[in-house]
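*Asks:* Quick one: the structure is below, questions incoming.
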Amino acid sequence: MTVDTHHHLWDLDVRDQPWITGAEMEPLRRDFRPADLQAALKGSGVDATVLVQTVSDPDETPEMLVLADSVDRIAAVVGWVDLTTRDVRERIGRLQTHPSGGWLKGIRHQVEGEPDPDWLVRPEVLNGLAAVEDAGLVYELLVRTDQLPAAIKAVGQFPQLTFVLDHCAKPPVASGELQPWADRVRALAAHPNVVCKLSGLVTEDDWTRQPDPVSLQPYVDVVLEAFGPRRLMFGSDWPVCLLAAEYGQVIDLARQLTAGLDDRRRSAVFDANAREVYDI
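Quick note, the sequence shown lines up with residues 1 to 280 if you use UniProt numbering.
Structure representation (structure tokens):
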């Protein structure tokens with residue numbers, strides 16, 4: 001069995017996705033609905049997925065919760081709330097008491113879009129993270145390399161809160177550089193309450209060529225060494241991954257990049273860890 005811990009759905013008639021801009025992103029400027037997800041999953045061996053927010057819009061998360069009720073393989077939702085508001089606890093509470101609120105397992109904000117590299121350690125954000133912890137949810141870190149020092153500080157203040165690092169903190173695969181990304185990821189991984197998603201790497205590489213395991217392997221090796229197979233989870237980042245690779249290619253590539261693991265450890269990466277983190 002396989003759990004895909006990271007995918008998105010959107011309907012442009014319901015809500016625009018303002019991050020989809022420019023000619024290179026044009027393949028994503030269409031609807032991706034549950035039927036498209038089901039088609040992508042066919043024959044993949046994926047039996048459960050985690051639906052993740054795409055925009056900072058309070059209306060999106062309730063819609064995703066309803067989708068989780070109606071789409072068989074969606075087993076968890078990572079939604080969004082404004083962490084900086086004074087009533088953040090009430091907002092999270094309303095999501096959890098929503099008729100489909102049982103699907104909500106985590107909260108995420110596109111920190112990568114914040115110009116302030118220290119956004120995560122602002123007092124109002126730390127208050128929001130405390131609310132996420134009190135609600136029993138996980139918090140997903142979508143950060144750039146320059147934001148990792150702040151992430152490390154924030155994680156250290158909440159040792160009981162599970163943090164999930166999205167897309168391995170988006171390493172500079174296209175340039176082939178490892179530093180300072182590698183050292184900062186290792187420092188983050190030193191905190192045992194952080195789990196990392198093996199996701200989003202194909203779109204950090206050069207999109208004009210076929211995904212190359214040789215160029216990706218050094219980055220996978222870093223996160224495998226830093227987090228270990230018990231704190232690493234597979235995620236496709238579909239449909240964003242389509243900019244560089246088809247769904248089946250992403251799964252095959254992830255398995256190829258973790259070929260050095262025995263069956264038990266690989267099962268942890270592709271299944272068991274996700275079920276534990278998201279209570280699936």
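Glycine residues also receive a C-beta, built at the ideal position from the N, C-alpha and C atoms. This one's a predicted model, so the numbers in the text were calculated from it and none came from an experiment.
Do Glu246 and the ligand MG come close, with the Cβ less than 7 Å from some heavy atom?
*Replies:* Looking for the ligand MG in the displayed structure turns up nothing, as the structure carries no ligands at all.
*Asks:* Three-state secondary structure (DSSP) at Ile251?
*Replies:* Three-state DSSP puts Ile251 in a helix.
*Asks:* If I measure Cβ to Cβ from Ser199 and keep anything under 6 Å in the same chain, skipping five residues before and after, which residues do I get?
*Replies:* Excluding positions up to five away in sequence, the list reads His6, His167, Gly235, Asp237.
*Asks:* Inspect the CB distances between the region 236-254 and the region 179-189 and report whether three or more fall short of 8 Å.
*Replies:* Short answer: they don't touch.
*Asks:* Since Pro117 and Gln147 are thought to touch, with beta carbons under 8 Å apart, how far apart are those beta carbons, to the nearest angstrom?
*Replies:* Yes, they are in contact, since the Cβ atoms of Pro117 and Gln147 sit about 5 Å apart, within 8 Å.
*Asks:* Use the C-beta contact count for Arg91: other C-beta atoms within 10 angstroms, 16 or more gives buried, fewer gives exposed.
*Replies:* It is buried - the Cβ of Arg91 has at least 16 other Cβ atoms within 10 Å.
*Asks:* Can you find the residues in the same chain that come closer than 6 Å, C-beta to C-beta, to Gln110, ignoring five residues on each side of it along the sequence?
*Replies:* Only Leu142 meet the Cβ criterion.
*Asks:* Under a three-way DSSP split, which group does Val143 fall into?
*Replies:* DSSP places Val143 in coil when its eight states are reduced to three.
*Asks:* For Val81 versus Leu95, is the C-beta distance shorter than 8 Å?
*Replies:* Yes, the pair counts as a contact, with Cβ atoms nearer than the cut-off.
*Asks:* Measuring alpha carbon to alpha carbon, tell me which residue in Gly228, Val220, Thr208 is nearest Val194.
*Replies:* Val194 has its Cα closest to that of Gly228, out of Gly228, Val220, Thr208.
*Asks:* Given that a residue counts as buried once 16 or more other Cβ atoms are within 10 Å of its Cβ, and exposed if not, what is Pro171?
*Replies:* So Pro171 ends up on the buried side.
*Asks:* Quick one: Cα of Thr162 to Cα of Ser100, how far?
*Replies:* Whole-angstrom Cα-Cα distance: 22 Å.
*Asks:* Could you round the C-beta distance between Ile74 and Thr54 to whole angstroms and report it? I think they count as a contact, below 8 Å.
*Replies:* Incorrect: roughly 15 Å between the Cβ atoms, too far for contact.
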